[in-house]
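Numbering (the UniProt record's numbering), first residue to last: 1 to 220. Structure record follows, encoded as structure tokens.
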């Protein structure tokens, strides 16, 4: 039986993927590179530093990855506080409240930096529902490595067989699969060309995984 839910953030809780795309492409312009759509899509779900490390190597840039991270995050910060379209994914607050009211332990497991996570949680008043928040930016390995979900399951206080992950990206789904945790893939309109083949279940609406439906899931 599911006792804890491990949420990704970007593309699952908040529709920030379009803002990340604007921020990344602003950074690409500043450092003078053209990143093909297929390469950009492969970055979805990874930590920013990991992405910037790949960019420096692939494009042989003469700038430190940390510099690229700073450029991208500064652009994103301006967008975060000024873009009127930034909002929660439709239905996710109702789902979070449904789980919380029924006693499930909720843990955030996001590749975003902790300052960004805190900005989102403050803006949308989400801290009241979550028992822990983990940032992949603070870990040694980025998704698709399973480290973040292994640690999130530990933070929940339950066995991984009692946990469920909600993800929207190929890298996040791979990470959950590698961690051996039941994974629901949310087919988000904001995350293009992601691979859901390793997911335990694929949904397009959060109503499909409301609390009363969870007992029908075959967990491991």
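Idealized CB from N, CA, C, for every residue including glycine.
How about residue 181 and residue 153: do their beta carbons lie closer than 9 Å? The sequence position of residue 181 within the chain shown is 181, counting from 1. The sequence position of residue 153 within the chain shown is 153, counting from 1. Their beta carbons are under 9 Å apart, which means residue 181 touches residue 153 by this criterion.
Any idea what DSSP makes of residue 148, helix, strand or coil? Within the chain shown, numbered from 1, the residue matching residue 148 stands at position 148. Here residue 148 sits in helix by DSSP.
Quick one, which of 164, 192 and 168 has its alpha-carbon nearest residue 1's? Reading the chain shown from its first residue, position 1 is the one you call residue 1. It is 164.
Let me know the secondary structure DSSP gives residue 81 once reduced to three states. By 1-based counting over the chain shown, the position of residue 81 is 81. Helix, per DSSP.
Work out the CA separation of residue 29 and residue 62 for me, nearest whole Å. By 1-based counting over the chain shown, the position of residue 62 is 62. By 1-based counting over the chain shown, the position of residue 29 is 29. For residue 62 and residue 29, the distance between alpha carbons rounds to 15 Å.
Verify whether the separation of the beta carbon atoms of residue 88 and residue 14 is less than 9 Å. One-based indexing of the chain shown puts residue 88 at position 88. One-based indexing of the chain shown puts residue 14 at position 14. For residue 88 and residue 14, yes; Cβs fall inside 9 Å.
What residue ranges within the segment 131–206 form continuous alpha helix (DSSP H) runs of no fewer than 4 residues, ordered along the chain? Counting whole runs of 4 or more residues, the segment 131–206 contains the alpha helix (DSSP H) stretches 147–156 and 170–179.
Is residue 86 helix, strand or coil by DSSP? One-based indexing of the chain shown puts residue 86 at position 86. In this structure, residue 86 counts as coil in the three-state DSSP scheme.
Whole-angstrom C-beta distance between residue 169 and residue 194, which should lie under 8 Å: Residue numbering aside, residue 194 sits at position 194 when the chain shown is read from its first letter. Residue numbering aside, residue 169 sits at position 169 when the chain shown is read from its first letter. The Cβ separation is near 5 Å, so the contact holds.
Can you give me the C-alpha to C-alpha distance between residue 167 and residue 43, rounded to a whole angstrom? On the chain shown, position 167 is the one that residue 167 refers to. On the chain shown, position 43 is the one that residue 43 refers to. Straight-line measurement puts the Cα of residue 43 at about 14 Å from the Cα of residue 167.
Give me the Cβ distance between residue 75 and residue 26, rounded to the nearest whole Å; I'm assuming they're in contact under 8 Å. As a position in the chain shown, residue 75 is number 75, starting the count at 1. As a position in the chain shown, residue 26 is number 26, starting the count at 1. Correct: roughly 4 Å between the Cβ atoms.
Is DSSP giving residue 3 helix, strand or coil here? Translated into the one-based positions of the chain shown, residue 3 becomes position 3. Shown here, residue 3 sits in coil according to DSSP, grouped into three states, outside any helix or strand.
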